[in-house]
Structures are given as structure tokens and as C-alpha cells.
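Q: One structure is given below, represented as C-alpha cells, and several questions about it will come after.
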Amino acid sequence: MDKPNPETRTVLLALALIAAFEIFRPAPATMQQNVESQLRDVVYELRGIKQELSQIQRKMK
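Per this note's numbering, the sequence shown starts with residue 8, numbered consecutively.
Here you go:
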């Protein structure tokens, strides 16, 4: 995507903001006992975001 249209940019910005909120919110990651559990939660969230982006990309084609 060299120059995405404004709608694509808006969707990607919204998803990035949601991702930032999900990753840096205090729960449930702070309830985990160690860093490995926190990282596992972050990876799980990122996989979900990746799947959502793939679905959006397929719909836009």
C-alpha cells in the first residue's frame, strides 16, 4: 500500500489505537504472575488484530 485512500488510513488508525489500548491497558495483563504470561497475552491480542486486518484487506479487494 503505497498511498492508501483516506478510508483505509482511518481504519488502520482506528485499529492501531485499539491495539495500543488492548496492549497497554492494566488488566488482564497485570493480573498475570510473570512477564512470560504478559507476553503471551500480548501475542494473543496481536494475532487477533492480524486476523481482523486480514479480513478487512480481503473485503477491500
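Here a beta-carbon is modelled for each residue, glycine too, at the ideal position from N, C-alpha and C.
Would you tell me roughly how many angstroms separate the C-alpha atoms of isoleucine 30 and glutamine 64, rounded to the nearest one?
A: If I take the Cα positions, the gap works out to 22 Å.
Q: Quick one, are the C-beta atoms of isoleucine 56 and alanine 21 less than 8 Å apart?
A: With contacts defined as CB atoms closer than 8 Å, isoleucine 56 and alanine 21 fail to qualify as a contacting pair.
Q: Look at the alpha carbon of leucine 60 and the alpha carbon of leucine 24, and state the distance between them as a whole number of angstroms.
A: 13 Å
Q: Hey, how far is the Cα of asparagine 41 from the Cα of glutamine 58?
A: 27 Å
Q: Checking 8 Å against the spacing of the C-beta atoms, do methionine 67 and threonine 17 come in under that value?
A: no
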